[in-house]
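By numbering that gives the first Met the number 0, the letter at position 114 of the sequence shown is numbered 113, and the numbering carries on one by one without gaps.
Even for Gly, the Cβ is constructed at its ideal location relative to N, Cα and C.
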Amino acid sequence: MSTIAVDDDADTNVDCIELRSALEGIGCDKQTLMGVVCRRNQQQRSNIRHMYGKKYEEDLIKRLQSKLHGNFQNAVALWMCDPAERDAVVIKNGLNSWTNKGLCAVVEIIYARTPLEMDAIRRAYRVMYKCSVEQQIGLKSSGDEKKLLLALVREDRPAIIEPDMESAKTDAEGLLKAISSRPIDKSSIVKTISIRSPIQLKATLDYYKKENRHSFGKLVKQEINGNFSALLGVAMKYAKSRINYFAKTLYKSMKGLGTDDATLVRILVMRAEIDMQEIKTQFYKKYRRTLESMMISDTSGSYASFLLFLVGATQDEIQAVGKIKHLFTSWR
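If you want it as structure tokens, here you go:
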């Protein structure tokens, strides 16, 4: 369920005028900016971006990037992208990071998307970066990680409602054989994960655990070292429970000293209109504190306020970061 409080009666032309006014001159009227974009759904934001471009002959996202800075800039720009563009940005940034976290973000995107969504990502990526996703993976990764990423991009994983239990049994037996081989048959593991949808892979992992009395994911972590193990883990954890995966990843992004802002922004922006309410519920169930309270302790300023709007924070919670104290009142 979405956590965005959408204004269904919003006028796109009025929104464009307000945004233009907020972005003119020195600095930016962040209160007005958030008052518009935080209350618009994906289609409304797309309409705003299109009309703004025609009306003022400039790209709204580029304008936002010129007026905002740091994590706030990244969050707002990603929020204003269309879904395929957003995925393309995350994939590009993840590959360019040369980090385990970056590659995990790439797996999170490409494993979860349907064949139609992947086609849209490919088109957006080529338009935005003048090369294919596959070419970029080839340049920015290597070894087993490269093989897994390419397989996930190339294989179709059709959406299904119910798993095929015969396939689950066969796949589970194949995974046991692959992990027991010496050397480990990594190619077979990659093939199974890359061709199976989350629902089907979950059935396979459940069958494996039932028959072998241990988790395949934990065995992978023990037997396979490095980034490859972590990337496999992302796909398996997502398949086992999408909601739990996102709740845990959000928690880890804020746990301890410092904040993994790239992960925090990615998940909040991408899930706000899909299943953020369920993620918040699971977050509280696992960690006995609200997602909002942890965000308040880990972020600040307009950046914090923007993210809190996305997760449906209360007026008091937004006031806790000391910004936009009267914005909710003005909406009533």
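- A straight-line Cα-Cα distance of about 27 Å links D58 and T2.
- If you draw a straight line from the Cα of P82 to the Cα of K208, it comes to about 35 Å.
- Setting aside the 5 residues that flank it on each side, V320 is surrounded in the same chain by I295, T298, S299, G300, A303, S304 and L307, each with a C-beta closer than 8 Å to its C-beta; the list follows chain order.
- Around A246, the same chain offers I278, Q281, F282 and K285 as residues with beta carbons nearer than 7 Å, after the five sequence neighbours per side are excluded.
- Residue environment for K129: exposed (fewer than 16 other C-beta atoms within 10 angstroms of its C-beta).
- Per the coordinates, the alpha-carbon of L249 lies some 23 Å from the alpha-carbon of M33.
- Separation of V219 and V36 (C-alpha to C-alpha, rounded to the nearest whole angstrom) is 43 Å.
- Taking the C-beta atoms as reference points, V264 is found nearer than 8 Å to N73.
- The alpha-carbon separation between A158 and S20 amounts to approximately 44 Å.
- Residue environment: E144 is assigned as buried (16 or more neighbouring CB atoms within 10 Å of its CB, all protein chains considered).
- Taking a C-beta distance under 8 Å as the contact criterion, L147 and V189 qualify as a contact pair.
- Assignment of N40 by DSSP, reduced to helix, strand and coil, places it in the coil class.
- The C-beta distance from Y124 to A87 rounds to 4 Å, short enough to meet the 8 Å contact threshold.
- In this structure, P162 sits near A202, with a CB-CB distance shorter than 8 Å.
- M164 is classed as exposed because its beta carbon has fewer than 16 other beta carbons within 10 Å across all chains shown.
- Of the residues assessed, A4 falls on the exposed side of the cut-off, its CB having fewer than 16 other CB atoms within 10 angstroms.
- The Cβ neighbour count for I178, taken over all protein chains shown within 10 Å, is at least 16; the residue is labelled buried.
- Look at C103 here: in three-state DSSP terms it is helix.
- Ranked by Cα distance from I198, the options K185, S187, Y237 and N70 are led by Y237.
- Note on geometry: alpha-carbon atoms of T191 and D170 lie some 7 Å from one another.
- Distance from V310 to M269 at the Cβ level is roughly 12 Å; contact not present, criterion being Cβ atoms closer than 8 Å.
- At the C-beta level, S193 and A150 come within 8 Å of one another.
- In this structure I266 is buried. Its beta-carbon is surrounded by 16 or more other beta-carbon atoms within 10 angstroms.
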